[in-house]
Each structure stands twice: as C-alpha cells, then as structure tokens.
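Below: the structure, in structure tokens.
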Amino acid sequence: MSDVIFVGFPYVAVALAILVGIYRYRSDTFSYSSFSSQLLENQKLFWGSALWHYAVVLILLAHFIAFLLPPLWGGIIGSPSMRFFLEALGLILSLVGFLALGWLMMRRFSTRRIYVVTTRMDWVVVSLLLFQMLLGFVVSLSYRWGGEWFVSSTAPWLWSLVTFSPKPEYVTAFPFLIQLHFFTGFLLIALFPFSRLVHLVAFPIGYLWRPYQRVIWNRAPRPGPGFRTS
Amino acid sequence: MDIRAQVSMVFHLDKCIGCHTCSIACKNIWTDRQGTEYMWWNNVETKPGTGYPTQWEDQEKYKGGWERDSRGRLKLKLQGRAGALTNIFYNPSLPTLDDYYEPWTYDYKNLFDAPEGDDQPTARAVSLVTGDFMDTLEAGPNWDDDMGGSEVYAANDPNVLKLSENEQQSLKTLEQTVFFYLPRICNHCLNPGCVAACPTGAIYKRGEDGIVLISQNRCRAWRMCVSGCPYKKTYFNWSTGKSEKCILCYPRLESGQPPACFHSCVGRIRYIGMVLYDADGIEQAARSPDDGLVDAQKALIKDPYDPEVIAGAKRNGIGDAVITAAQNSPVYKFVKRWGLALPLHPEFRTMPMLFYVPPLLPVIAAIRDGQYETTAGMETAPADETGPNLNTVDQARIPMQYMASLFTAGNIEKIKQVYHKLVAVRMYMRSEQVGDQKEADVQEALRRAELTPEQCISIFELTSLPTFEERFVVPPMERERAMDGELPPLDPYSRKAAGGFGFRDAPARRF
Numbered sequence: 014m015s016d017v018i019f020v021g022f023p024y025v026a027v028a029l030a031i032l033v034g035i036y037r038y039r040s041d042t043f044s045y046s047s048f049s050s051q052l053l054e055n056q057k058l059f060w061g062s063a064l065w066h067y068a069v070v071l072i073l074l075a076h077f078i079a080f081l082l083p084p085l086w087g088g089i090i091g092s093p094s095m096r097f098f099l100e101a102l103g104l105i106l107s108l109v110g111f112l113a114l115g116w117l118m119m120r121r122f123s124t125r126r127i128y129v130v131t132t133r134m135d136w137v138v139v140s141l142l143l144f145q146m147l148l149g150f151v152v153s154l155s156y157r158w159g160g161e162w163f164v165s166s167t168a169p170w171l172w173s174l175v176t177f178s179p180k181p182e183y184v185t186a187f188p189f190l191i192q193l194h195f196f197t198g199f200l201l202i203a204l205f206p207f208s209r210l211v212h213l214v215a216f217p218i219g220y221l222w223r224p225y226q227r228v229i230w231n232r233a234p235r236p237g238p239g240f241r242t243s
Numbered sequence: 106m107d108i109r110a111q112v113s114m115v116f117h118l119d120k121c122i123g124c125h126t127c128s129i130a131c132k133n134i135w136t137d138r139q140g141t142e143y144m145w146w147n148n149v150e151t152k153p154g155t156g157y158p159t160q161w162e163d164q165e166k167y168k169g170g171w172e173r174d175s176r177g178r179l180k181l182k183l184q185g186r187a188g189a190l191t192n193i194f195y196n197p198s199l200p201t202l203d204d205y206y207e208p209w210t211y212d213y214k215n216l217f218d219a220p221e222g223d224d225q226p227t228a229r230a231v232s233l234v235t236g237d238f239m240d241t242l243e244a245g246p247n248w249d250d251d252m253g254g255s256e257v258y259a260a261n262d263p264n265v266l267k268l269s270e271n272e273q274q275s276l277k278t279l280e281q282t283v284f285f286y287l288p289r290i291c292n293h294c295l296n297p298g299c300v301a302a303c304p305t306g307a308i309y310k311r312g313e314d315g316i317v318l319i320s321q322n323r324c325r326a327w328r329m330c331v332s333g334c335p336y337k338k339t340y341f342n343w344s345t346g347k348s349e350k351c352i353l354c355y356p357r358l359e360s361g362q363p364p365a366c367f368h369s370c371v372g373r374i375r376y377i378g379m380v381l382y383d384a385d386g387i388e389q390a391a392r393s394p395d396d397g398l399v400d401a402q403k404a405l406i407k408d409p410y411d412p413e414v415i416a417g418a419k420r421n422g423i424g425d426a427v428i429t430a431a432q433n434s435p436v437y438k439f440v441k442r443w444g445l446a447l448p449l450h451p452e453f454r455t456m457p458m459l460f461y462v463p464p465l466l467p468v469i470a471a472i473r474d475g476q477y478e479t480t481a482g483m484e485t486a487p488a489d490e491t492g493p494n495l496n497t498v499d500q501a502r503i504p505m506q507y508m509a510s511l512f513t514a515g516n517i518e519k520i521k522q523v524y525h526k527l528v529a530v531r532m533y534m535r536s537e538q539v540g541d542q543k544e545a546d547v548q549e550a551l552r553r554a555e556l557t558p559e560q561c562i563s564i565f566e567l568t569s570l571p572t573f574e575e576r577f578v579v580p581p582m583e584r585e586r587a588m589d590g591e592l593p594p595l596d597p598y599s600r601k602a603a604g605g606f607g608f609r610d611a612p613a614r615r616f
C-alpha cells in the first residue's frame, strides 16, 4: 500500500503534470490563462487574492528550499531563534492562506457574477487547496519543528523519488495527517494540467527585462536597429 | 531614419450625427459573443459627458498611458516592471464591469408565453452575465447620450472639471448647453500603453501596417493592458479569460475593404489611409513637454513625396503600392498638409494614430430669440465693422479650454489655429456660394488661418464631397508576401487548416 501512495502515485502525478501540461500547452495554448475574475468583482477580491497568493508563494518557497537545498535549509534553521521565527511565520502564513482562500471561496459562492464563471474543476481545486492549507496548519501546530523532520525524512524521500531509487520507508511511519498532507499535495500536482492551476507556470517573469514595445513583422523584418523592438 | 507604414485614421467630428451605426456594425461582426457583450470596440460618446467606461479620461483613477518623470524619462503611469509582478494578483487600477455596465437582454419569450391575464405581459431585463433578472438598469452603453448639460454626466466630464467655476456654470445654463459626438476606436498608437503594460508580451504592433493586436494564445489574463491603455480600448473577456480589442478589421483591410465602422458610417466622417513615419523618433517625441506633443507627433509623419523618405521606406521593404497609397492618403492631407486634424489626448503620450477634426458647430451655433442658429457666426457684418464671424472662436459657446483639453494637451493656441482654419474655410466657401461675406473679412480670415483659396477648396471637397475611394485609401496588404517571406514558396494547401484566425478549437473556456 505504501508503495502505491508514496512511490507510484507521486510518479504518476508528476508525469501527468509534465506530460499533460506540455501536451495542453502545445495543442491548446489558448486554454492557458489565470481566468481572472477581477473585472466582475473587485472589492472582495483584494483581501482574498493578494493575501492568499503571497501566503502560498512564501509557504511553497519554504517547502522548495527545504526540499531542493536541505543543507541550506538546515543552516537557516540551525539557530533556535531563527527556527522559532520560521515556524511561527509558517503557522501564521498557513492560517492567513487558509482564511484568505476561505474568503475567496465564499466570494465565489456568494457573488452571483463569480458563481456563474466557476467551473466544477474550480470547485475541486479550491476545495483541495483549502483542505491542504488546513492540513498544513494542523500538522505544523501538532507535530512541532517540521522544519527539522522535513530535512531528515521528507526531503530524503523526495530525493529518493527524484533519483529513481524510491525509499518510502522514510515516510511510512509518519502520522496519518502528515501522510494525508503528502497525498493531497501530489493530488494537486496531478490536477495541475487539468485545471486553471497552469497559470503558475505562466508567471511573466520575463517582463522584468523584455523591451516595452513589441513589433512583429509578417515578412522578414527590415535591417537596422529600430525603436525598442523585439 | 527608420521609415515604417501605419494605417492611420481621421474622424471629422463636424460630420458625426451620433447615429451609432459604426458601433452596431462592429458589434455585429466582432463582439456579439459571450464575454464580449459589454465591449464596444467602437463607441460613440457625447461630449461633454463621462464616456465609456465612466470617466475613462481620469488617469488619476485609471492610471493609463505614460508620464514623464522628473528627469524627463518616459514611464508607464500604471506601474514599473516590478510593480507589474507584485500587482499581478490584484490590479489596483482595473475598471470593473460596473464602470462599463452590466450587459443585458430581455425576456422576450414571456411576451408570447405569458398566461392570459389582466395585464399586458412584459419582457423583463435579463443579465447576460448571470442570467438573473435585473430590476434596475443603472448604466448601459451610451447612458449619457445627448446629455450635454446634465449634472450627472456632462458636469462630471474630466475635461469639464478642469474648467473654471464660471465656465462650468455657463455650460449648465440652457442657452449655453452644448454637446457633440466623439466616436472612439482603438488608436493603434505608435507608443502603445497596452503593449508596454502586458507582462506576458502578448500584445504587439504589426510591423507592416501598425495595427495593434492581442495574441489570444499568449494572453494569460493578467489584465494590465486594460489599465495601461489610457483610452480604455482593451477589454477583458470574462468568459474566455482573454483580453480583446479593436483589430481595425484587418481581415477586411487585407482584402481591400475599409473597416466595418468606416464602411458603414452614415455621416461619412471617417477617413483611412497610410502614413509613413519615422520609428526612430517615437521615444523622443513621446517625451516632449505637454505643449509640444502635437507638433512632435506630427513631425514623426513624413512627407511621402520626399525622395529620402521614399528611399527609407523602400529600404524597410515597404512596397510601391503602399507608398502610392501614402501619397494619396486623406489622413496625410488632414493631419500634415492642412493641419486640421489633432490626436485625442496627446498628453497620454501613446502617440495615437487616430486624428480628429474638431467640431465647428458647437463653436459657431447659438440660440437667438429662441431659435437654434447654426450659422450665427456667419452673419453679415455691417459695412463699417469687422464681422462677428472673425471673433467666432473667441466667443465660442464651448470654452476653447475644453477643446484644448481634448485635443492639444491644454495648448489653447494650437486648437485656435485649427479653428481659425475651419472658420476661414467656412467663410471662404460661403463668400463663394452665398456671397454674403465681406471681402476684407474673408481675406483677414485666410491670412490668419494661413490658407490659400485653393486650399480652402481642397479642404471643402475632401470634407463635403469625397468619394468612397477618396475617403478610404487602402493599399494591397501584401499577404502573399507575408506568407512567403524569404522562405521557399509554400504549398497553399499546407496552410489550409491553420488559415483564417488560426483557431481550430472554439475560443471558449475549457478548463
């Protein structure tokens, strides 16, 4: 059973995310959108969207640093005060994220204009994210110092998957809630290419350096430099 | 010098009768789909009025266009590059649907299906967004139509709010009430704010003809273009999650026809033609101080007969047909040769390529003895006085400051120059055809306007008597060259399935 949940499922989820994601991008680029609903409702969105996104970005960043660079993470949380600070910050962020997402879900449910543009997959994704956020909050509250055990058990498990020498035994002894958090995480990864979550990879970081103006020539462009063209 | 070609436009406001045929032509072709019902790529506003979306000209509210910083550099009023990424989860300057209006239809079926009763059945309004009944319609397209003296609409026009208290009051008195129509489409700017604001880079200007388009495949709904465009001419499709805008009917242009709004214009106010401009000068021109913006923009447009310009155009691959079209362009005549047409709100610094001939009618018309007189300024003067017609501009019913706020970034001298020309043409043609103008007045008007009688006749002819071919000078768009380029010729069938607009799946939400 643990092989299915902690080895097979993660592989399937990541494979789906990558392969279907690429396939969808190539065959249906049009469908890549963040589907912003700000035009239809502006006021409730502010607190929900801004807080949710900043909270979840920071939380994911911590997860990724701890996973990709365990030594760096270990160094960061080496000092007790820093560890305490990060744990507290994580708790607060997960609570903020949970409340903000709950607020967004309420907005989707109670604002008619937003309700009618919400798809079934939107409800699935937002429910799962809300559930995952709550799990994260409960886990970090009840199984303290996750910053430490993540490095010593979760990161090696994830790395064992990356290097194709899976060692589920790292996480099989974990309490149920933590295992559920892992599972929901990979479930979200699996749903990524089938939902609006793809807007994650559309984040336009290139705006920081692209020229302001874009000119596209149908025929071969004329020689010589132009006005801020690309 | 980097000579490029641009499809450019002139709207002659004196001829606009506010019939909205252009808007309907556009709507029927392009924006009758779900998510686009509220969009009017072409709309006709009443000025003074708040416009669509409401108070769109107020850039303190919507943050559209460019501004000069203290060191004279150009920056987006909306936000810097990092700001675009940090505001991406919530755009603080985005107009909402209520700033436009909630689109609706009517429950017509009820007129047929209602059970027999004591009252006539009614067709209630049904929202095209939610499908719910709407009890109160609070705004709609052209909600301020013809509301020239309105306390609600005209009084809140951002250009009116810039006037002095006295001037604002006088616009509200019945005899002084004045309005005219302002049809608006995308300006297909040389320095577009929407292109610059798009984080993804989904918006681009076509090199060959300057049409500004949004790639529907690349748009990711970050909706910064809606804010970045100071004219609010990019719209967000809430159904597909993509921004859309006027495409200047490029499929029609490519087959030699003018855009639908031009073609259908009842008042024949619209002119379209190519101009050749120097792309190297755009940034410099956009940085000019407010007073010099109109001249700087006009200076970008080059004389299509100048051999140097022609050589530059050819170097850039601009074909002979396009150069000939630029030489016959009605836009070049109105904007450059006669200096009659002005850009709308040049202070937004996007270098809009749609120009307007400001309306003379609200300037010269007056109410005399309870009669609306459209030629009040054209009366014959007593033999020993200067005719009142020469003072028309100074005694205009609508403050020159208002027109200057619309068309010359507040430069009153600049707008007066144009009005002097319009008055001179009027006086000259009237003296020729009716013969009731004092010769000395006509000569004085021509001198002041720096026009010759021959020019007056040309202006009159292109204003009042132009043929279809004179109004719309559309060159072949050379799509065959676009397809081939420098590559070996393609088998036409290889493009068959990917032709048209490039969609094989319906442009609708799927995930």
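Residue numbers (the working numbering), protein chains in the order written: chain P, 14 to 243; chain V, 106 to 616.
Positions of the beta carbon are idealized from the N, C-alpha and C atoms, including for glycine.
> CB-CB under 8 Å to V:Q432, same chain, minus the five flanking residues each way: which ones, in chain order?
Replying inline: P409, Y410
> V:V380 bridges to which residues according to DSSP?
Replying inline: V:Q111
> By how many angstroms is the C-alpha of P:S49 removed from the C-alpha of P:L29?
Replying inline: 25 Å
>> Using 9 Å as the threshold, is the C-beta distance between V:T498 and V:V530 below it?
In response: Sequence inspection shows Val at residue 498 of chain V; the Thr mentioned does not correspond to that position. No. Outside cutoff.
>> So for V:P304, helix, strand or coil by DSSP?
In response: Note: V:P304 maps to coil in three-state DSSP.
>> Report the start-end ranges of each alpha helix (DSSP H) in the stretch 122-157 of chain V that is 4 residues or longer and not cut off at the edges.
In response: 126-135
> Does the stretch 197-209 of chain P come close enough to the stretch 139-152 of chain P to have 3 or more Cβ pairs within less than 8 Å?
Replying inline: yes
> With DSSP run on the structure shown, which of helix, strand or coil describes V:T491?
Replying inline: At V:T491 the pLDDT is 49, less than 50, meaning the model places this residue with poor confidence; the figure from the coordinates comes in the next sentence. Residue state, collapsed to three classes: coil.
> Using 9 Å as the limit for Cβ to Cβ distance, is V:G361 near chain P?
Replying inline: Cβ-Cβ to chain P under 9 Å: no for V:G361.
> Counting contacts by CB-CB distance shorter than 9 Å, is V:G590 in contact with chain P?
Replying inline: Because the pLDDT at V:G590 is just 47, under 50, the model does not fix this residue reliably, and the point stays unresolved.
> Name the residues in the stretch 109-126 of chain P whose C-beta lies less than 7 Å from a C-beta of chain V; which are they?
Replying inline: R125, R126
> Where does V:N264 land, buried or exposed, given buried means 16+ other C-beta within 10 angstroms?
Replying inline: buried
> Going by Cα to Cα distance, which pick from V:K407, V:K120, V:G386 is closest to V:V440?
Replying inline: Checking every option, the nearest Cα to that of V:V440 belongs to V:K407.
> DSSP three-state call for V:E574: helix, strand or coil?
Replying inline: helix
> At what residues does the beta strand (DSSP E) containing V:T230 begin and finish?
Replying inline: Here residue 230 of chain V turns out to be Ala, not Thr, going by the sequence shown. Residues 230-232.
> Mind checking whether P:G160 and P:W86 have CB atoms under 9 Å apart?
Replying inline: By the CB criterion at 9 Å, P:G160 and P:W86 fall inside the cutoff.
>> Using C-beta distances below 6 Å, list every residue in its chain close to V:S113, excluding the 5 sequence neighbours before and after it, in chain order.
In response: V380, V436, M458
> Candidates V:V414, V:N322, V:M505, V:F512: which alpha carbon is nearest V:R454's?
Replying inline: Nearest neighbour of V:R454 by Cα position, chosen from V:V414, V:N322, V:M505, V:F512, turns out to be V:F512.
> In chain V, what lies closer than 8 Å to P:T185 by C-beta?
Replying inline: What P:T185 touches in chain V: nothing, since even the nearest Cβ is about 35 Å away.
> Going by the CB atoms, is the gap between V:L216 and V:A228 shorter than 9 Å?
Replying inline: At the C-beta level, V:A228 and V:L216 come within 9 Å of one another.
> Roughly how many whole angstroms lie between the Cα atoms of V:G515 and V:D395?
Replying inline: 8 Å
>> If I measure Cβ to Cβ from V:T126 and keep anything under 8 Å in the same chain, skipping five residues before and after, which residues do I get?
In response: Closer than 8 Å at Cβ, skipping near neighbours: S369, C370, V371.
>> Rounding to the nearest angstrom, what Cα-Cα distance links V:T557 and V:K521 in this structure?
In response: 18 Å
> V:E270 lies in the beta strand (DSSP E); which residues open and close that run?
Replying inline: Per DSSP, V:E270 belongs to no beta strand (DSSP E); it is in the alpha helix (DSSP H), 270-277.
> Are the C-beta atoms of V:I193 and some chain P residue less than 9 Å apart?
Replying inline: yes
> Taking all protein chains shown into account, do 16 or more other C-beta atoms lie within 10 angstroms of the C-beta of V:K350, making it buried, or fewer, making it exposed?
Replying inline: Buried, by the Cβ-count rule.
> Can you name the residues of chain V whose CB is closer than 9 Å to the CB of P:W219?
Replying inline: The displayed chain sequence assigns Gly, not Trp, to residue 219 of chain P. Per Cβ cutoff of 9 Å: P304, T305, G306.
>> For chain P, check one thing: does any of its Cβ atoms lie closer than 9 Å to the Cβ of V:W161?
In response: Closer than 9 Å: no.
> Considering only residues of the stretch 419-463 of chain V, which uninterrupted alpha helix (DSSP H) runs meet the minimum length of 4 residues and lie entirely inside it, listed in chain order?
Replying inline: 425-432
> Distance, Cα to Cα, V:E172 vs V:L181?
Replying inline: 6 Å
> Tell me, which residues are paired with V:I406 by DSSP?
Replying inline: V:Y382
> Assuming P:I18 and P:F196 make a contact with CB atoms under 8 Å, what is their CB distance in whole Å?
Replying inline: 6 Å
> If the cut is a Cβ gap below 8 Å, which residues of chain A does P:L53 touch?
Replying inline: In the structure shown, chain A cannot be found, because the protein chains are P and V.
> Under a CB-based cut-off of 9 Å, is P:S312 close to chain V?
Replying inline: In the structure as shown, chain P starts at 14 and stops at 243, and residue 312 of chain P therefore has no counterpart that could be examined.
>> Taking 8 Å as the limit between beta carbons, can you name the residues of its chain near P:V130, skipping five residues before and five after?
In response: F48, S50, L53
>> Does any residue of chain P have a CB that is nearer than 9 Å to the CB of V:G346?
In response: Yes - at least one Cβ of chain P is within 9 Å of the one on V:G346.
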